[in-house]
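Beneath this line is the structure, given in structure tokens, with notes to follow.
Numbering (this note's numbering), first residue to last: -15 to 195.
Next up, the structure:
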């Protein structure tokens, strides 16, 4: 099984001071239980060097840390990151699935599903991970493209933001082609973390819902 930690849009220190302690504690618990194979960050780090170091330390994935540039990263130390990143995984039967990563600032209106689907098809991505909206979301398109947005890990403001600090754990099983996701959200008032699970499977070169 391949395990991904997905997060983004920290906007530190312009729109947020830090990742909430409760989310860091949860991430450390998840990491201690089972190491992540990859970390995908959707961009808009802002002050990149310090943040990247802390993220590497928590997730313990310094060699498999994928960053893309966000529209606000030109002000910080992430300006040399690429616009797109991708990872191709090979299944036990020889089939493969491609996971793509981009910030999503090129999509207008923000987070538009049809445009994201079109982009994924053009880039030959089966799963497309984006940020920019600060609104966490897991959406399966009619053409079998899985769109994932982990939201803002700090709950930073944007025009369509949920305001909820969040991240996503993605698991892909090479033998069964199952795709499992857990969305973790922090309630700022109660300081409690909720987990929402989603289940999919990869079949005939498309992602389909399992339940």
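Positions of the beta carbon are idealized from the N, C-alpha and C atoms, including for glycine.
Distance, residue j Cα to residue i Cα
i           : j           : result
residue 8   : residue 54  : 22 Å
residue -4  : residue 77  : 43 Å
residue -12 : residue 144 : 25 Å
residue 85  : residue 25  : 8 Å
residue 49  : residue 4   : 21 Å
residue 183 : residue 173 : 29 Å
residue 205 : residue 64  : Here the chain comprises residues numbered -15 to 195, so residue 205 is not present and cannot be evaluated.
residue 38  : residue 12  : 12 Å
Whole-number beta carbon distance between residue j and residue i, since they are thought to touch under 8 Å
i           : j           : result
residue 71  : residue 22  : 7 Å
residue 167 : residue 129 : Contact flag wrong, Cβ pair sits at about 18 Å.
residue 181 : residue 170 : Actually they do not touch by this definition, with Cβ atoms about 17 Å apart.
residue 163 : residue 191 : 6 Å
residue 139 : residue 117 : Incorrect: roughly 13 Å between the Cβ atoms, too far for contact.
residue 98  : residue 112 : The Cβ separation is near 13 Å, so there is no contact.
residue 161 : residue 195 : Not a contact, Cβ separation roughly 15 Å.
For residue i, the residue or residues it bridges with in DSSP
i           : result
residue 38  : BP columns for residue 38 are empty, so no partner.
residue 45  : Answer by DSSP bridge pairing: none, since residue 45 is not bridged.
residue 140 : Paired residues: none, contrary to the question.
Burial state of residue i, where buried means 16 or more other Cβ atoms lie within 10 Å
i           : result
residue 134 : buried
residue 110 : buried
Opening and closing residue of the alpha helix (DSSP H) in which residue i lies
i           : result
residue 127 : Per DSSP, residue 127 belongs to no alpha helix (DSSP H) and is neither H nor E.
Start and end residues, beta strand (DSSP E) containing residue i
i           : result
residue 82  : 80 to 86
residue 177 : 177 to 187
Cutoff 8 Å: residue i Cβ touching any chain D Cβ
i           : result
residue 171 : No chain D appears in the structure shown, which is made up of a single protein chain.
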